[in-house]
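Undergrad: Remember, our numbering sits 1 above the position in the sequence shown when you count from 1.
Cβ coordinates follow ideal geometry from the N, Cα and C atoms, glycine included.
Here's a structure for you.
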Amino acid sequence: MNNMTHYMELLAQNQPWNLIIFMAIPVICAETLAITELMILFKRNFTGTARKINKITGIFAGFYFLGIFIYLFINAVMPLTTTGGWRGIADVIAVGFYLLGVVPLLGISLLELGLISANKNETDKLKLHAIFVGIFLVVAHIAMIFGMLNPELMSIGTDMPM
């Protein structure tokens, strides 16, 4: 068995491009959203520069990650599933939680475009926006933690070193 999850293998291949495309851009977007979200929450300025950056980043991040989701689902998840190529539960959790990031990020995009919660006031939209940011941070960190594990540690039938 390979001692690296497919998550880490993806980031390690084609340096530095895969790292930039699959990790740096989504993380920079998430950090930008989190920081500007805090600025908006503290200042309650719904029209300032932080809000504009937050809105543009939110729309971009959701559709960017949707592209990543579609690409990886077709080129990684489907082939790994049909050929039995997964490297254990840690591998599945890492890739699965990484791909789950599409839900909150696309939610932010749809919220920013007025396609969901259009009838809510700015405070309610900001609450939902912050919830989406929080969910993305949680699923991304779960993906990173399990992605960095040696998948053999969670495989059934292997001895775990003490």
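I'd like the span of the alpha helix (DSSP H) that includes residue 40, first residue to last.
TA: Start and end: 26-44.
Undergrad: Which two residues bound the contiguous alpha helix (DSSP H) that contains residue 147?
TA: Element bounds for residue 147: 123-149.
Undergrad: Could you tell me if residue 148 is buried or exposed, where buried requires 16 or more neighbouring beta carbons within 10 angstroms of its beta carbon?
TA: Its Cβ being crowded by 16 or more others within 10 Å, residue 148 is buried.
Undergrad: From what residue to what residue does the alpha helix (DSSP H) around residue 9 run?
TA: Looking at the DSSP string, the run of the alpha helix (DSSP H) that includes residue 9 is 7-13.
Undergrad: Express the C-alpha separation of residue 107 and residue 23 in angstroms, rounding to a whole number.
TA: Approximately 16 angstroms, taken between the alpha carbons.
Undergrad: Could you tell me the distance, in whole angstroms, from the CA atom of residue 81 to the CA atom of residue 75?
TA: One C-alpha to the other measures close to 10 angstroms.
Undergrad: Exposed or buried, what is residue 152 when buried is set at 16 or more other beta-carbons lying within 10 Å of its beta-carbon?
TA: Buried: at least 16 other Cβ atoms inside 10 Å.
Undergrad: So, with DSSP's three-state summary, where would you put residue 47?
TA: DSSP places residue 47 in coil when its eight states are reduced to three.
Undergrad: Considering only the alpha carbon of each residue, which of 21, 63, 122 and 93 lies closest to residue 77?
TA: Comparing Cα-Cα distances from residue 77 to each of 21, 63, 122 and 93, the minimum goes to 93.
Undergrad: Select from 125, 131, 69 and 49 the residue whose C-alpha is nearest the C-alpha of residue 96.
TA: Among 125, 131, 69 and 49, the Cα nearest to that of residue 96 is on 69.
Undergrad: Classify residue 142: buried if its beta carbon has 16 or more other beta carbons within 10 angstroms, exposed otherwise.
TA: Residue 142 should be labelled exposed.
Undergrad: What's the gap between the Cα of residue 79 and the Cα of residue 128?
TA: Rounded to whole angstroms, residue 79 to residue 128 spans 35 angstroms at the Cα level.
Undergrad: Taking just the CA atoms, how far does residue 52 sit from residue 28?
TA: Each residue's alpha carbon lies about 19 angstroms from the other.
Undergrad: Just to confirm before moving on: does the CB-CB distance between residue 118 and residue 60 stay below 7 angstroms?
TA: No. Outside cutoff.
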